[in-house]
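At position 213 of the sequence shown (counting the first as 1) the number is 213 in this note's numbering, and the numbers step up by one without a gap. We put the beta carbon where it would ideally sit given N, CA and C, even for glycine. Only a predicted model underlies this, so the values are computations on that prediction, with no experimental measurement involved. Here's the structure we're looking at; comments come further down.
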Amino acid sequence: MFDYDGRTGYEPISDTDRKEFHEQGFLLLRNVLTEDHRAALEEAVDRVYAEEKAKGNTTKDGTLHLLGFLERDELFGQLLTHPIAFPYMWGLAGWNIYTHHNHLDVTPPALEPEKPYWGWHQDGYRQNSDPETMDPNLPRPMFSLKVAYVLSDLSETGRGATKVIPGSHLWNSLPRPADLTVHNPDPEGTVEITANPGDAFIFDRRQWHSRSTNLSNITRKMLFVGYTYRWIRPLDELHIDTDGEWWANRTPVQRQLCGEGTHTANYWGINWNGYIDDEIPLRKELKERGLLDRSIPWLR
1 MFDYDGRTGY
11 EPISDTDRKE
21 FHEQGFLLLR
31 NVLTEDHRAA
41 LEEAVDRVYA
51 EEKAKGNTTK
61 DGTLHLLGFL
71 ERDELFGQLL
81 THPIAFPYMW
91 GLAGWNIYTH
101 HNHLDVTPPA
111 LEPEKPYWGW
121 HQDGYRQNSD
131 PETMDPNLPR
141 PMFSLKVAYV
151 LSDLSETGRG
161 ATKVIPGSHL
171 WNSLPRPADL
181 TVHNPDPEGT
191 VEITANPGDA
201 FIFDRRQWHS
211 RSTNLSNITR
221 KMLFVGYTYR
231 WIRPLDELHI
241 DTDGEWWANR
251 TPVQRQLCGE
261 GTHTANYWGI
271 NWNGYIDDEI
281 PLRKELKERG
291 LLDRSIPWLR
């Protein structure tokens, strides 16, 4: 539907990008969406926003944080295997993945100055506690990563963009101010991800990050699609009509990414005989294209 110069979503990422991601915990990718694709996605977001606002599901200032949005439009389903972003998902996490968490965000300009707020966190909830070690210098596992598609102009600070601390994905903790009733400065090293419409960024769930207040006159519009391992339970509930057109349009790989599997052991990447299941759609696709790599554990 949209022209990406023959890109298929199965072009390996560079060693340089992999190294930067592992060192910094995020990557900013320029011009991921063509302008016609970005505009079509924004139109779909505006439609969904209007529907949710009519239901009373936005905050008093009009903010919408909608979980599990993928089945709300055909264009959203196609994002699962976006030809530029998807190689980073399987290239950094492997073939035994699916989307466990995705959200559509619309953030209008703030109506009033924000009260003191400390929003710094890592994603994953109990993933930051249950696999914890007693060694503070041993980072927890990544477990998941997200791609965030930028639909509005976030090229300047103060427009509600995500703030990160590069390299902080390797920290198990972040010092918290003693008094949260007053405004506190951001931690040292904070970067606000300024991006143009059509850009995207990818980040490790361990990356310490925070939202920022939209102090501009521009409404921030973003789509976040998270990927994790199939043996981890979903965070968001998708309401997919498996007899409907949206599901009929999904490829085998996209169905895997929506959580489809043949049996419980399949989610662990194996058949009941204990051997790898080569029919898992994404593994099968990578194998046929010669993209499995035993030197990279998650691509074995």
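Rounded to the nearest whole angstrom, the C-alpha separation of P187 and I165 is 8 Å. Taken atom to atom, the span from the alpha-carbon of F26 to that of T63 is near 25 Å.
Counted as a single uninterrupted DSSP element, the alpha helix (DSSP H) harbouring A93 occupies residues F86 to A93. Remark: three or more beta-carbon pairs, one from each stretch, lie closer than 8 Å, so the region 33-50 and the region 68-79 are flagged as touching.
The Cβ-Cβ distance between Q127 and R205 falls below 9 Å. Under a 10 Å Cβ-count criterion, I296 is classified as exposed, with fewer than 16 other Cβ atoms of the shown protein chains found around its own Cβ. When the beta-carbon positions are compared, Q207 and S168 come within less than 9 Å of each other. When only Cα atoms are considered, D153 and F224 end up about 16 Å apart. The count of Cβ pairs closer than 8 Å, one atom from the region 80-92 and one from the region 52-67, stays below three, leaving the stretches out of contact. Your pair S216 and R159 checks out as a contact, with CB atoms roughly 4 Å apart and the cut at 8 Å.
Between the C-alpha atoms of I218 and W247 there is a straight-line separation of about 34 Å. Contact annotation: the region 97-105 touches the region 227-244, with at least three C-beta pairs closer than 8 Å.
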